[in-house]
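Every position in the sequence shown, counted from 1, becomes a number in my numbering once 13 is added. All C-beta atoms in this analysis are idealised placements derived from N, C-alpha and C, irrespective of residue type, glycine included. Model, not experiment: these values are computed from the prediction. Have a look at the structure below, then the notes.
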Amino acid sequence: MVFEASAPSNIALIKYMGKSPLGGNRPANPSLSLTLNHLRSFVTIEAIDATTDVWEPLSGFPELKLSEGGRKKFLSHFYQLKRHWNLGGHHRVRSANDFPPDCGLASSASSFAALTLATYEMAKSLNPNLKCPPVELSSLSRQGSGSSCRSFFSPWAEWGDEGAEAWDLDLQLAHAVVVVDDRKKSVSSSEAHQKISSSLLWQGRPERAKSRLEDLKKSLATSDWRSSYEICWAEFWDMHALFETSRPAFGYMSKGTLEVLDKCRQIWLHENDGPLVTMDAGANVHLLLREEQISQAASWLAGWNYLKSWN
Ligand code: PMV
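Listed below in C-alpha cells is the structure:
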C-alpha cells in the first residue's frame, strides 16, 4: 500500500528568523505568511522489508537531490512521527517538489508538511478513529521544520507562541517569484537561525518583528497597500541585514537580486503603486499582487525567469 500527500509552500511577510530557547523549533518572534498553493511538495510512503527507513526522489518531477544532512533531517522527522502515532516497521519515503528546492522558495516548509500529512494518512489507515485537526498536524510538522507549520492554513497563516493558525482575512493575492538563482544556497536556513544571534542587530529584533506584524495586519485589513509594501520591504531587509551583520557575515543577495529590487522600487516611484516585495533566505524575489494588477505583471516581469500563481 502506498500512502501519499502533497502540501503547499508558504512565503512569510513577517519572518521567522531565530528560535526560542524553549526548543522544538519554537520561534523567537511571531510570523505571518501567505500559502503558495502553486508551489507544492509531494511525498509517498510504502512499507519495505529492510532494517532502516530509506529516502528516494519521487519520479515524475524534476529530480530532487537531497544532501546526506537533508535526508537525515527528513527521515528523522519521519521517525518522530512514527513514534508519535505508534507506527512500526520500516519504509521507503519518496519526495519531490514541483519547483526548485533549497534556493529561497521554502521547499523545506512544503516538504515537511507533506511528509507529516502522508504519515498521518498511514496512521489513519491503521487506526480509522484517529482524528488530528490541522492545528495538531501543524504543531507536529513544526518540530521537523519550523516554517512548515504555516503550510496547514490557507490563504493566510499566523504563527505565534501558541502555534500556527489561520489568519482570517478575506484577501486573495497573486504571487510570482523571480528566480534569479536556482542553485542550492550555501547557508541553510537552519544554520542562519543559529548564526544571526551573533549580529548586534539581533538585539530588539523579536520586538521589531512583533510590532511590524501588528502594523501589517492592520494595513492589509484596511487595504492600505502602500503601507503594506513599506512594512514588507523593511521586514525582509531587516532579516537580510541580520545575515550581513552576523559575525562572520553571510548573505544570499546577488547582482540579479538587486536588479529586481531596484526595478520594483522604480515601479512604485513611477506608478505610485506596485507589488508587495519580499525575500526568503535566498537570492530570489517574491512579489505579491492584487487581482487587478495581474494584467500589468507581464510588463513588470518582462525579461526575467519567474514562477507565477496565475494562468
Ligand atoms: O523552517 P526553517 O527552519 O527552514 O526556517 C525558514 C525561515 C525563513 O524561510 C527564512 C523565514 C520564514 O519565516 O519562512
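Any non-hydrogen atom of the ligand PMV within 7 angstroms of residue i CB
{"i": "M30", "result": "yes"}
{"i": "A25", "result": "yes"}
{"i": "G73", "result": "no"}
{"i": "H299", "result": "no"}
{"i": "H206", "result": "yes"}
{"i": "S160", "result": "yes"}
{"i": "S210", "result": "no"}
{"i": "D293", "result": "yes"}
{"i": "A122", "result": "yes"}
{"i": "S44", "result": "yes"}
{"i": "S22", "result": "no"}
{"i": "S167", "result": "no"}
{"i": "S154", "result": "no"}
{"i": "S322", "result": "no"}
{"i": "S326", "result": "Nothing in the structure corresponds to residue 326, since the chain is present only between 14 and 324."}
{"i": "S202", "result": "yes"}
Residue nearest to residue i in terms of C-alpha spacing, selected from the options
{"i": "N110", "options": "L49, N140, V67, P141", "result": "L49"}
{"i": "S210", "options": "F256, S224, A170", "result": "F256"}
{"i": "P288", "options": "Q156, T57, E220, E304", "result": "E304"}
{"i": "D251", "options": "A20, S22, I27, M14", "result": "I27"}
{"i": "E204", "options": "G264, S232, V191", "result": "G264"}
{"i": "P147", "options": "L79, R155, N140", "result": "R155"}
{"i": "G316", "options": "K276, H283, W323, S152", "result": "K276"}
{"i": "R105", "options": "S199, S241, E59, Y92", "result": "E59"}
{"i": "D62", "options": "K32, H103, P34, G269", "result": "H103"}
{"i": "P40", "options": "H253, K223, E272, T129", "result": "K223"}
{"i": "N324", "options": "I24, S308, Y133, N318", "result": "S308"}
{"i": "D293", "options": "Q216, K208, K198", "result": "K198"}
{"i": "L71", "options": "P34, W98, L128, Y319", "result": "L128"}
Counted within 10 angstroms of its Cβ, other Cβ atoms place residue i as buried (16 or more) or exposed
{"i": "G157", "result": "buried"}
{"i": "A161", "result": "Note on identity: in this sequence residue 161 is Ser, with Ala being the wrong assignment. Counting Cβ neighbours within 10 Å, S161 comes out buried, since at least 16 surround it."}
{"i": "M266", "result": "buried"}
{"i": "E227", "result": "exposed"}
{"i": "M135", "result": "buried"}
{"i": "M30", "result": "buried"}
{"i": "L213", "result": "exposed"}
{"i": "G36", "result": "exposed"}
{"i": "G295", "result": "buried"}
{"i": "M14", "result": "exposed"}
{"i": "T64", "result": "exposed"}
{"i": "G101", "result": "exposed"}
My parser needs the alpha helix (DSSP H) runs of 4 or more residues fully inside the region 179–219; what are they? Correct list: 202–208.
Could you tell me which uninterrupted beta strand (DSSP E) segments, each at least 3 residues in length, are contained entirely in the region 52–90, listed from first to last along the chain? 67–70
Note down, one range per segment and in chain order, each alpha helix (DSSP H) of at least 4 residues found wholly within the region 88–141. 120–139
What ranges does the beta strand (DSSP E) occupy inside the region 277–323, keeping only unbroken runs of at least 3 residues that lie completely in it? 289–292, 298–302, 319–321
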